[in-house]
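2 protein chains.
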Amino acid sequence: MTYCIAISTNNGLVFCSDSRTNAGPDMLSSYSKMHLFQPATDRVFCILSAGNLATTQAIIERIRQDIDEGSPRSLLTCQKINEGAHYVAEVSREEQNLAQQATGGSGIDTSASILFGGQIQGGKHRIYLVYSAGNFISDSDETPFLQIGESKYGKPILDRILHRETSLDDAARCAIVSMDSTIRSNATVGPPIEVLVYEADSFNTAHYVRLDAEDTYLRDIKRSWDETLKAGFLALPLFEWEKRSQIGATTTGAQPPQTESLPAEPLQQQPVAPGVPGNDQ
Amino acid sequence: MTYCIAISTNNGLVFCSDSRTNAGPDMLSSYSKMHLFQPATDRVFCILSAGNLATTQAIIERIRQDIDEGSPRSLLTCQKINEGAHYVAEVSREEQNLAQQATGGSGIDTSASILFGGQIQGGKHRIYLVYSAGNFISDSDETPFLQIGESKYGKPILDRILHRETSLDDAARCAIVSMDSTIRSNATVGPPIEVLVYEADSFNTAHYVRLDAEDTYLRDIKRSWDETLKAGFLALPLFEWEKRSQIGATTTGAQPPQTESLPAEPLQQQPVAPGVPGNDQ
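Okay, here's the thing in structure tokens:
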């Protein structure tokens, strides 16, 4: 499995990926899923990859080759970031087809999905999610991030925190917390965690860190975040019966009074539509 | 879809469920998934249900009927909570089989899963997850909670907060936050949110609340939690480059220095096992 996040704020981009690969739970290894491309000084691209490792390696290899061999279509020749996304999607489709032919009938899933982002001078910084089908979407003001792989565990914190106005470094910390939550819950997502923070119009990729399981900064973030959550719980408002019990304790010592009792019937009876044997709860 | 949580702490039990049912995204309705049984003063049980609504209604109906009709096996006759779990699992299996026969060949998923918990006087309070297959598991000191339905979005916060020592009311608030995170992320999970807090050996189910979307307490919890998370982010440790840039800004005005550059090669080359065409990232 994999978990990768790409975030686009007003100030730039954040890319974050785990490094665990597995062929079954007994075949874990560690590979970087973050691939940086700077074919010229006027452009920078980052690709995060998920899916079959053989396929994603073939895709990345092909993209590097097209640059090195001066192919007419490559991340070096594209005029706009959107053109680059079309190119990456096309390479992904083609390499997935080749992998499918090579393993035909073996029943192995050779699909791959990709997060692609970056900036070309004169254009805006952008991120794209290239589905395994080969089509792709970009982000939006309402959803300034894109995910691939095991995306559910880490999504709520991104939903709650990220906006276009979020500072780049806060967005990067949010990605790390989201990644940490996912690593706790899915054994096939694991460190090292790679984080790239790209400041718009800088064409500079210096703000990169790789955090292994024992990394001091990662441990500090986890500790600080756990403390925040635990303290936050103590600050949450009390249930009615707690308030009354507190009042009672300080005055009459009365027991918490009975609150509303549990309804025996469904909250709201609504007939199931004809031909629908049962709603899916 | 559904999301239900059962928590077992040293002090008692917490049950939390959403109320949205759907047969397709255009067929949403609202049903309680929390079912309380107090067939005698020496016992209390709560069932949270997920899956096909017709099947879960049949299961609950059958369990009520066995009590009302004085059946030799029911939640009234079982001597131990574990015996009750065996009975509930058996009813679930039988009703799922009947539903399968009734809808045979229609391709409709008639399966159901259940969270069952409670206490019988003289015994300890317990919770069980009854799988749709009919087998069941209980909780553990390491994992004091069980979930059914859309469990991933809300799991990290449970993992981080819940222990056997967590107070019952804090555990209930944790369940509400977990539920809120899930409701934000999955449109087929929705309010009202029902919460039952059972204090061990009390055989009293007074601490129950039903929170609809506009409920003041739910709004207060959401606001407080959002503030906690946002404040928590400002408290997270800074990246090296932020510290240096701060120092730079206050002294030489220097730019953040370059940190380690991105590796061109995989972090750690490990050969894929023979016969494994590609690891699954």
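Sequence lines, in order, name chains A and B. Taking my numbering as reference, the numbering of the first sequence is continuous, increasing by one, and the terminal residue is 1438. Taking my numbering as reference, the numbering of the second sequence is continuous, increasing by one, and the terminal residue is 1438. Even for Gly, the Cβ is constructed at its ideal location relative to N, Cα and C.
Ser-1324 of chain A at chain B interface by Cβ criterion, 7 Å: Here residue 1324 of chain A is taken as the residue at index 167 of the first sequence, counted from 1. Judged by the 7 Å Cβ criterion, Ser-1324 of chain A is not in contact with chain B.
Contacts of Ala-1392 of chain A in chain B (Cβ-Cβ under 8 Å): What you label residue 1392 of chain A is simply residue 235 of the first sequence in a count that begins at 1. For Ala-1392 of chain A, the residues of chain B that pass the 8 Å Cβ criterion are Ser-1381 and Thr-1385, in the order they occur in the chain.
Burial state of Arg-1376 of chain A, where buried means 16 or more other Cβ atoms lie within 10 Å: Taking the first residue of the first sequence as position 1, residue 1376 of chain A is located at position 219. The C-beta of Arg-1376 of chain A has fewer than 16 other C-beta atoms within 10 Å across all chains shown, which makes the residue exposed.
Burial state of His-1282 of chain B (16 or more Cβ within 10 Å): As a position in the second sequence, residue 1282 of chain B is number 125, starting the count at 1. Burial call: buried.
Start-to-end residues for the beta strand (DSSP E) that takes in Asn-1167 of chain B: As a first step, residue 1167 of chain B is located in the second sequence; it is residue number 10 there, counting from the start. In the DSSP assignment, Asn-1167 of chain B falls outside any beta strand (DSSP E) and carries neither an H nor an E.
Beta-carbon neighbours of Cys-1331 of chain A, restricted to chain B and to distances below 8 Å: Within the first sequence, the letter at position 174 stands for residue 1331 of chain A. For Cys-1331 of chain A, the residues of chain B that pass the 8 Å Cβ criterion are Phe-1390, in the order they occur in the chain.
Interface residues of chain A facing Tyr-1355 of chain B [CB-CB closer than 9 Å]: In the second sequence, the residue the question calls residue 1355 of chain B occupies position 198. Within chain A, no residue comes near Tyr-1355 of chain B; the closest Cβ sits about 11 Å away, beyond 9 Å.
Proximal residues to Ser-1268 of chain A (C-beta, below 8 Å), its chain only, five neighbours per side dropped: In the first sequence, counting from the first residue as 1, residue 1268 of chain A sits at position 111. Taken in chain order, the residues that qualify are Gly-1208, Asn-1209, Thr-1212, Gln-1253 and Ser-1289.
Complete runs of the beta strand (DSSP E) confined to the region 1257 to 1323 of chain B [at least 3 residues]: As far as the region 1257 to 1323 of chain B is concerned, its whole beta strand (DSSP E) runs of at least 3 residues are 1269 to 1277, 1283 to 1287, 1293 to 1295 and 1302 to 1306.
Contact list for Ile-1378 of chain B against chain A, beta-carbon separation under 7 Å: Reading the second sequence from its first residue, position 221 is the one you call residue 1378 of chain B. Those within 7 Å of Ile-1378 of chain B in chain A are Leu-1393 and Pro-1394.
Gly-1208 of chain A - partner residues in DSSP beta bridges: In the first sequence, residue 1208 of chain A corresponds to position 51, counting from 1. Gly-1208 of chain A is bridged by DSSP to A:Ala-1269.
Contact set for Leu-1255 of chain B: own chain, Cβ-Cβ below 8 Å, skip 5 residues either direction: As a working mapping, residue 1255 of chain B is identified with position 98 in the second sequence. Excluding residues within five positions, the ones whose Cβ falls inside 8 Å are Ala-1215.
Met-1158 of chain A - DSSP class collapsed to helix/strand/coil: If you number the first sequence from 1, residue 1158 of chain A lands on position 1. Reduced to three states, the DSSP call for Met-1158 of chain A is coil.
Paired residues, beta bridge with Ala-1197 of chain B - DSSP: The count along the second sequence starts at 1 and reaches residue 1197 of chain B at position 40. The bridge partners DSSP lists for Ala-1197 of chain B are B:Arg-1200.
For Arg-1380 of chain B, the first and last residue of its enclosing alpha helix (DSSP H): Within the second sequence, residue 1380 of chain B is the residue found at index 223, counting from 1. Taken as a continuous stretch (DSSP letters only), the alpha helix (DSSP H) holding Arg-1380 of chain B covers 1373 to 1392.
Distance between Gln-1222 of chain B and Met-1158 of chain A (C-alpha atoms, nearest Å): Mapped onto the first sequence, residue 1158 of chain A falls at position 1. Mapped onto the second sequence, residue 1222 of chain B falls at position 65. So the two alpha carbons sit approximately 46 Å from each other.
Residues near Ser-1165 of chain A by beta carbon distance below 6 Å, same chain, minus five either side: Locating residue 1165 of chain A in the first sequence gives position 8, where the first residue counts as 1. Cβ neighbours of Ser-1165 of chain A beyond the five flanking positions: Ile-1284, Asp-1296 and Pro-1301.
Backbone secondary structure at Thr-1339 of chain A - three-state DSSP: On the first sequence, position 182 is the one that residue 1339 of chain A refers to. Three-state DSSP puts Thr-1339 of chain A in a helix.
Residue from B:Gly-1227, B:Leu-1205 and B:Ile-1305 with nearest C-alpha to Ile-1217 of chain B: Translated into positions along the second sequence, residue 1217 of chain B becomes position 60. The shortest Cα separation from Ile-1217 of chain B among B:Gly-1227, B:Leu-1205 and B:Ile-1305 belongs to B:Leu-1205.
Chain-ordered neighbours of Ser-1359 of chain A on chain B, where CB pairs are closer than 9 Å: One-based indexing of the first sequence puts residue 1359 of chain A at position 202. In chain order: nothing, as chain B lies at least about 10 Å away.
Three-state secondary structure assigned by DSSP to Tyr-1244 of chain A: Numbered from 1 along the first sequence, position 87 holds the residue referred to as residue 1244 of chain A. In this structure, Tyr-1244 of chain A counts as helix in the three-state DSSP scheme.
Backbone CA spacing between Tyr-1244 of chain A and Gln-1236 of chain A [nearest angstrom]: Taking the first sequence and counting its residues from 1, the one referred to as residue 1244 of chain A is at position 87. Taking the first sequence and counting its residues from 1, the one referred to as residue 1236 of chain A is at position 79. Approximately 11 Å between the Cα atoms of the pair.
Counterpart residues of Tyr-1365 of chain B in DSSP-defined beta bridges: Locating residue 1365 of chain B in the second sequence gives position 208, where the first residue counts as 1. According to DSSP, Tyr-1365 of chain B bridges with B:Leu-1353.
Counted within 10 angstroms of its Cβ, other Cβ atoms place Gln-1403 of chain B as buried (16 or more) or exposed: Looking up residue 1403 of chain B in the second sequence gives position 246. Burial call: exposed.
Alpha-carbon to alpha-carbon, Asp-1266 of chain B and Arg-1250 of chain A: Residue mapping note: residue 1250 of chain A aligns to position 93 of the first sequence, counting from 1. Residue mapping note: residue 1266 of chain B aligns to position 109 of the second sequence, counting from 1. Going by the C-alpha atoms only, they are around 34 Å apart.
Beta-carbon gap between Val-1171 of chain B and Ala-1332 of chain B smaller than 7 Å: Here residue 1171 of chain B corresponds to residue number 14 of the second sequence, with the count starting at 1. Here residue 1332 of chain B corresponds to residue number 175 of the second sequence, with the count starting at 1. Yes, the pair counts as a contact, with Cβ atoms nearer than the cut-off.
Close-in-space but distant-in-sequence residues of the same chain around Ser-1231 of chain B (CB under 6 Å, 5 per side omitted): On the second sequence, residue 1231 of chain B is found 74 positions in, with the first residue counted as 1. Taken in chain order, the residues that qualify are Asp-1223 and Ile-1224.
Bridge partners - Phe-1172 of chain A, DSSP secondary structure assignment: The residue you call residue 1172 of chain A lines up with position 15 of the first sequence. Paired residues: A:Ala-1163 and A:Leu-1353.
Outcome for Pro-1348 of chain A when other beta-carbon atoms lying within 10 angstroms are tallied against a minimum of 16: As a working mapping, residue 1348 of chain A is identified with position 191 in the first sequence. Under a 10 Å Cβ-count criterion, Pro-1348 of chain A is classified as buried, with 16 or more other Cβ atoms of the shown protein chains found around its own Cβ.
Segment contact, 8 Å Cβ cut-off, at least three pairs: the region 1310 to 1318 of chain A with the region 1178 to 1193 of chain A: Contact between the region 1310 to 1318 of chain A and the region 1178 to 1193 of chain A is absent, with fewer than three C-beta pairs closer than 8 Å.
Interface residues of chain A facing Ser-1338 of chain B [CB-CB closer than 7 Å]: For this step, residue 1338 of chain B is matched to residue 181 along the second sequence. Contact note: Ser-1338 of chain B reaches chain A through Pro-1313, using a C-beta cutoff of 7 Å and chain order.
Best match in A:Gly-1280, A:Glu-1247 and A:Asp-1358 for proximity to Val-1287 of chain A [C-alpha to C-alpha]: Taking the first sequence and counting its residues from 1, one reaches residue 1287 of chain A at position 130. Between Val-1287 of chain A and the set A:Gly-1280, A:Glu-1247 and A:Asp-1358, the nearest pair of CA atoms involves A:Glu-1247.
Nonlocal neighbours in the same chain, by C-beta distance under 6 Å from Phe-1194 of chain B, ignoring five residues either side: One-based indexing of the second sequence puts residue 1194 of chain B at position 37. Around Phe-1194 of chain B, the same chain offers Phe-1202 and Leu-1232 as residues with beta carbons nearer than 6 Å, after the five sequence neighbours per side are excluded.
Ser-1186 of chain A (DSSP reduced to helix, strand or coil): Walking along the first sequence from the start, residue 1186 of chain A turns up at place 29. Three-state result, Ser-1186 of chain A: strand.
Reduced DSSP secondary structure (H/G/I, E/B, other) of Arg-1401 of chain B: For the purposes of this step, residue 1401 of chain B is taken as residue 244 along the second sequence, with counting starting at 1. Here Arg-1401 of chain B sits in helix by DSSP.
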